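Residue numbers (our numbering): -19 to 579.
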Amino acid sequence: MTLQVVNSPFDQKQTEILNQLLPTLTDAQKNWLAGYLAASQANASQAAPAPEQTATQQVATRTVTILYGSETGNSQELAEKLSEQLKSIQRDVTISCMDDYKPKKLKEVEDLFIVTATHGEGDPPDNAIQFHEFLHGRKAPKLDNVNFAVLSLGDESYEHFCQTGKDFDKRLEELGATRIHPRVDCDVDYEEPAEEWFTGVLDFLKKDNDTGTSATVTEPTPAEQPIYSKSNPYTAEVLDNIKLSGQGSNKETRHIEIALDGSNLSYEPGDCLAIYPKNDPTLVQQIINELEWNPEQTIPINKQGEIRSVQEALTSIFEITRLTKGLLEKAAAHFENKKLTKLLDEPEQVKSYIDGRDLLDLIIDYPPAPFEPSLLMQILRKIPARQYSISSSYKANEDEVHLTIATVRYNTHGRDRNGVCSGEIADRIKPGDQLNIYVHKNPNFKFPFDEETPVIMIGPGTGVAPFRGYIEEREELELKGKTWLFFGDQHFRSDFLYQVDWQNWLNKGYLSKMDVAFSRDTEEKVYVQHRMKENAQQLYEWLEAGAYFFVCGDEKRMAKDVHEALLAIVSEQGKLSQEQATEYINKLKQEKRYQRDVY
């Protein structure tokens, strides 16, 4: 409703200002403003003592339980944000990682909110596996008195999009719990749908138990400088871009140094740096030519009405290099191509088609009827940031951050293709150029910093990046102790990443032991898991002495093989059955002594 002088307590000038402001606000901003005004009113009336509330007037506040399953920290961040919003409406909140929560307590829960990511091909995150198994097992309790809602994070480019959230949502209903808000499945650009889910959940709780009390809101203080984040990235200068891999290597690995001075950004070993890449200008031009669009035409890029040229939108805003089933379904609604509509009736053919193809393939294979570029917003998702493990120590390099990036190049369906971000950095980014970045905290990959705790690190290829940052930080703190690195790659001469650094740290005692495996230098391929087995006795002794075990790198092959090797070592050296060895490793996970950063 439009405010007018006759239907509000404001004068003409005030109503004009409010009518300009209110339509531009998001739901989150309106909620914040309402809370802020309520708090201001409450503060103004504090001088007058409030009448005491009698026992019959008091209303019991239901306790809210928030459980999160998080692989990279996004779900945890959202869970913590939800917790703060619930506290602002006077709710008692219990928040916990799923692995740290005792499942038997579920019977006592009143309002349960699940915030979870999905890992790989539909699997729960590492810190949600055991809770997921319990809830889907025979020992799961009836939850007839529980209200619940699920927020699910995923990546639409995977076949089993948001599967873990779907699993929890379905199972809680089967156990008798009452869904108070529909599940929301978020793609990589999750902020807006997550905020809408927050609003829906909070609205229900306010209606369900309105105590008549005002939320206590801390009055914001002006920030001294902008806070850079996922929604407000920092534009950073590239200081250096060095090719690490030597002559004759089958790979192209680069070391990137980026300036942080003036950004107020900081990081810890194990954290990631996220980069918003730009699409290859050649690919962008091919798409524009194929669709016969005017590259200078302006189009909306979001619901708030921001506009960009077609050229800029396809370059910097929308993802054009990966197809998903969802994209095909949206495209079919506008392309008016019968062959595309028919394809969607064959799930296996869809799965086969989207593998390795991009938007250019789609418009060539299934030419659309002429349609307005303004429809791009309805078809394409935003370019997701690419996250890379940080390979430097903030304490040692306060004004910069280092990354170790493998360039992705491949040929499929008759065309040469590159990774969006790794290709941009390898081919188009030079020292002095700029990248849009933010630091992504990784609470599930944290190192101990003392000289008593042994640390075992498995990091083949670019998976060695966080361990370089960790050892560099130990040197800065002058911490020695027992640290053991397993590194592997194809060739000793061309692929031994940071060889000089490791040698220096070994000589100085900051790295106490290192085992390497170069798979293509011997007739029989040798990988890091083989080196682990060769050192089985000592590795098990380190674990028994309280060692932390870290793995970083490829999930589908390396991390799986390393896990199997660890299981075999524990079983053999500890003289344990397969079941007992599994329990041993699960205990390591619960104690945060087995941590993985895999992709």
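Cβ coordinates follow ideal geometry from the N, Cα and C atoms, glycine included.
Just so it is clear, the structure is predicted and the values come from calculations on it, not from any experiment.
Between residue i and the rest of its own chain, which residues show a CB-CB distance below 8 Å, the 5 nearest in sequence each way excluded?
| i | result |
| --- | --- |
| E276 | S289, V290 and Q291 |
| P644 | In the structure as shown, the chain begins at -19 and stops at 579. Residue 644 is therefore absent and cannot be evaluated. |
| H116 | D147 and R151 |
| L294 | N259, V264, I267, I268, I300 and L356 |
| V542 | I438, V508, Q509, M512 and V531 |
| V330 | K305, L308, L323 and L324 |
| E504 | none |
| C142 | T98, S132, L133, G134, D165 and C166 |
| I238 | A216, E217, V218, L219, L253, E380, V381, H382, L383, L415 and I417 |
| Q560 | S551 and G554 |
If residue i and residue j are in contact, beta carbons under 8 Å, what's the gap, nearest whole angstrom?
| i | j | result |
| --- | --- | --- |
| R63 | Q56 | Here residue 63 turns out to be Ser, not Arg, going by the sequence shown. With 8 Å as the limit, S63 and Q56 do not qualify as a contact, their Cβ atoms being about 10 Å apart. |
| L58 | V44 | With 8 Å as the limit, L58 and V44 do not qualify as a contact, their Cβ atoms being about 15 Å apart. |
| F148 | V130 | 5 Å |
| V181 | P364 | With a Cβ gap of about 25 Å, V181 and P364 do not count as contacting. |
| Y604 | V480 | No answer is possible for residue 604: the residues shown for the chain start at -19 and end at 579. |
| I370 | Y214 | 14 Å between Cβ atoms; not a contact. |
| D124 | G156 | 4 Å |
| D534 | K231 | Their Cβ separation, rounded to whole angstroms, is 13 Å, which puts D534 and K231 out of contact at 8 Å. |
| L340 | F298 | 13 Å between Cβ atoms; not a contact. |
| T179 | T442 | Contact doesn't hold; Cβ gap of about 40 Å is too wide. |
Less than 8 Å between the beta carbons of residue i and residue j, yes or no?
| i | j | result |
| --- | --- | --- |
| G226 | R397 | no |
| T222 | I385 | The question names Thr, yet the displayed sequence has Ile at residue 222. Taking 8 Å as the Cβ cut-off, I222 and I385 do not qualify as a contacting pair. |
| R448 | Y490 | no |
| E456 | A376 | yes |
| Q575 | F425 | yes |
| T98 | G145 | yes |
| I343 | E452 | no |
| S402 | T387 | yes |
| V218 | P411 | yes |
| S580 | V164 | Lying before the first or after the last residue shown, residue 580 is absent from the chain, which here runs from -19 to 579. |
| S211 | E171 | yes |
| V508 | I438 | yes |
| L92 | P121 | no |
| P83 | F114 | yes |
| H471 | S243 | no |
| G526 | T433 | yes |
| K187 | I69 | no |
| P257 | R366 | yes |
| Y138 | T96 | no |
| D345 | R302 | no |
Starting from the C-beta of residue i, find all residues in its chain whose C-beta is less than 7 Å away, skip the five residues before and the five after it, and write them out in chain order.
| i | result |
| --- | --- |
| F351 | H314 |
| P353 | W273, Q277, I279 and V290 |
| L240 | A216, D379, E380 and V381 |
| V73 | V44, I46, S63, L66 and K67 |
| I590 | Since the displayed the chain opens at -19 and closes at 579, residue 590 lies outside it and no answer follows. |
| I207 | none |
| R159 | F128, A129 and E153 |
| V506 | A497 and S499 |
| D501 | H471 and F472 |
| N107 | G49, S50, C77, M78, D79 and N424 |
| G336 | T392 and H393 |
For residue i, which residues from the same chain have a beta carbon less than 6 Å from its beta carbon, with the 5 sequence-adjacent residues on both sides left out?
| i | result |
| --- | --- |
| T278 | I287 and S289 |
| E136 | D167, T304 and G306 |
| R71 | V44 |
| K362 | D169 |
| V400 | P257 and T301 |
| H140 | E101 and G102 |
| W464 | I436 and K493 |
Requested in this report: Examine the Cβ distances between the region 301 to 319 and the region 279 to 289 and report whether three or more of them are shorter than 8 Å.
Outcome: The count of Cβ pairs closer than 8 Å, one atom from the region 301 to 319 and one from the region 279 to 289, stays below three, leaving the stretches out of contact.
Query raised in the report: Can we say the region 415 to 423 touches the region 508 to 522, given the rule of at least three CB pairs closer than 8 Å?
Result: Pairwise C-beta distances place the region 415 to 423 out of contact with the region 508 to 522, as fewer than three of them are shorter than 8 Å.
Query - At least three beta-carbon pairs within less than 8 Å, the region 493 to 500 to the region 525 to 539 - result: Contact fails between the region 493 to 500 and the region 525 to 539, because fewer than three Cβ pairs, one in each stretch, are under 8 Å apart.
Requested in this report: Pick out the complete beta strand (DSSP E) segments inside the region 466 to 550, 3 residues or longer, and give them in chain order.
Outcome: Segments of the beta strand (DSSP E) lying fully in the region 466 to 550: 493 to 498 and 528 to 533.
Query raised in the report: On the three-pair Cβ rule with 8 Å, is the region 240 to 256 touching the region 315 to 325?
Result: Taking 8 Å as the limit for Cβ pairs, the verdict is that the region 315 to 325 does not touch the region 240 to 256.
Report task. Counting only runs of 3+ residues fully inside the region 407 to 476, write out the beta strand (DSSP E) ranges in chain order. Result -> Listed in chain order, they are 414 to 420, 435 to 438 and 463 to 469.
Query raised in the report: Counting only runs that start and end within the region 117 to 159, where is the alpha helix (DSSP H) found for 4 or more residues in a row?
Result: You should have 143 to 154.
Query - In chain order, each alpha helix (DSSP H) run of at least 4 residues that lies wholly inside the region 284 to 361 - result: The qualifying runs are 305 to 315, 318 to 323, 327 to 334, 339 to 345 and 356 to 359.
Report task. Quick one: which unbroken beta strand (DSSP E) runs of 3-plus residues sit fully inside the region 208 to 266? Chain order, please. Result -> Complete beta strand (DSSP E) runs here, min 3: 214 to 223, 233 to 239 and 252 to 256.
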